[in-house]
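Numbering (full-length UniProt numbering), first residue to last: 1 to 225.
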């Protein structure tokens with residue numbers, strides 16, 4: 001499904017490369033963890049896979065197509081859960097979830113959905129929240145949620161895209177040990193149940209080994225088993 005071939009990446013234009021010759025493959029339904037120290041380039045690698053930044057060398061292919069070439073609705077094939085969640089706290093939880101589908105809608109529909117979602121759209125948000133264990137939370141203000149609940153809302157927001165590939169950047173960095181275990185169990189279960197490729201970056205090798213099908217270490221020499 002996903003093929004990353006001999007990738008060279010830098011954090012910014014003119015900056016020295018963070019990694020060289022990085023390669024990986026990922027199958028549908030497979031859960032892969034990438035570990036490494038802060039500053040190793042884990043977030044940069046995920047952003048490159050998402051098509052947000054261009055590699056200096058190498059290729060990133062999703063179903064045989066360069067991810068950087070995906071436009072409009074095609075970009076919904078890749079879901080991204082950022083470390084900072086990027087939720088709008090004053091909004092209701094279901095509105096934050098529906099924001100994940102904005103790339104599939106016109107500007108007019110997006111505006112209407114935020115003001116007056118129809119039953120189908122409300123059901124879409126409810127289904128995504130149920131999938132992450134937050135049934136009935138749609139009308140709660142996002143600001144009232146715990147850190148673990150907000151992480152689940154961010155995952156639900158990505159799920160409404162119906163992505164083929166889900167990227168999660170340090171999804172348990174700010175969670176307590178119990179919430180971290182639950183979040184990783186949730187992510188890996190969703191990947192297997194939905195046939196969705198999953199790549200998570202983590203600092204904790206023990207959690208990576210316990211929850212994921214494969215673990216790679218990001219080093220200056222590339223991605224190593």
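The C-beta atom is built at its ideal place from N, Cα and C for all residues, glycine as well. The model shown is predicted, which means the values in this text are computed figures rather than measured ones.
Rounded to a whole number of angstroms, what is the C-alpha to C-alpha distance between residue 178 and residue 185? Spanning the two alpha carbons is a distance of roughly 11 Å.
Rank 152, 161, 189 by C-alpha distance to the C-alpha of residue 174 and give the top, closest one. Of the listed residues, the one whose Cα sits closest to residue 174 is 152.
For residue 231, list the residues DSSP reports as bridge partners. A question about residue 231 goes unanswered here, because the residues of the chain that appear run from 1 up to 225.
In this structure, how does DSSP classify residue 215 when only helix, strand and coil are distinguished? It is a strand residue.
Residue 19 to residue 122, Cα distance in whole Å? Using only the alpha carbons, I get a separation of about 43 Å.
Residue closest to residue 133, alpha-carbon to alpha-carbon, out of 187, 195, 172, 91: Selected option, being the one with the closest Cα: 187.
Using 9 Å as the threshold, is the C-beta distance between residue 79 and residue 163 below it? A contact, by the Cβ cut-off of 9 Å.
Residue 152: beta carbon under 8 Å from a heavy atom of the ligand GTP? As for the ligand GTP, it is missing from this structure, which has no ligand bound.
Using alpha carbons as the reference points, say which of 25, 3, 48 lies closest to residue 10. It is 48.
For the beta strand (DSSP E) that contains residue 165, what are its first and last residues? Taken as a continuous stretch (DSSP letters only), the beta strand (DSSP E) holding residue 165 covers 165 to 169.
Using 9 Å as the threshold, is the C-beta distance between residue 32 and residue 215 below it? In this structure, the beta-carbon distance from residue 32 to residue 215 falls below 9 Å.
State whether the region 216 to 223 contacts the region 21 to 28, with contact taken as three or more CB pairs (one from each stretch) at a distance under 8 Å. Taking a contact to require three or more Cβ pairs closer than 8 Å, the region 216 to 223 and the region 21 to 28 qualify as touching.
Got a sec? Which residues, its chain only, sit under 6 Å from residue 148 by beta carbon, not counting five neighbours each side? These residues qualify, in order along the chain: 175, 179.
Nearest candidate by alpha-carbon position, reference residue 12, set 4, 44, 92: Measuring from the Cα of residue 12, the nearest candidate turns out to be 44.
Just to confirm the assignment, what range does the alpha helix (DSSP H) spanning residue 55 have? Under the DSSP assignment, residue 55 falls outside any alpha helix (DSSP H); it carries neither an H nor an E label.
For residue 80, list the residues DSSP reports as bridge partners. Beta-bridge partners assigned by DSSP to residue 80: 167.
Start and end residues, beta strand (DSSP E) containing residue 112: Looking at the DSSP string, residue 112 is not in any beta strand (DSSP E); the run it does join, the alpha helix (DSSP H), is 107 to 115.
Three-state class that DSSP yields for residue 71 in the structure shown: DSSP places residue 71 in coil when its eight states are reduced to three.
Can you find a CB in chain B that lies within less than 9 Å of the CB of residue 48? Absent from the structure is chain B; it holds one protein chain and no more.
Below 8 Å on the Cβ atoms is my contact criterion, and I expect residue 150 with residue 87 to pass it. Report the Cβ-Cβ distance as a whole number of Å. So it is a contact: roughly 6 Å between Cβ atoms.
Taking the C-alpha atoms as reference points, what is the distance between residue 96 and residue 166? Rounded to the nearest angstrom, the two C-alpha atoms are 18 Å apart.
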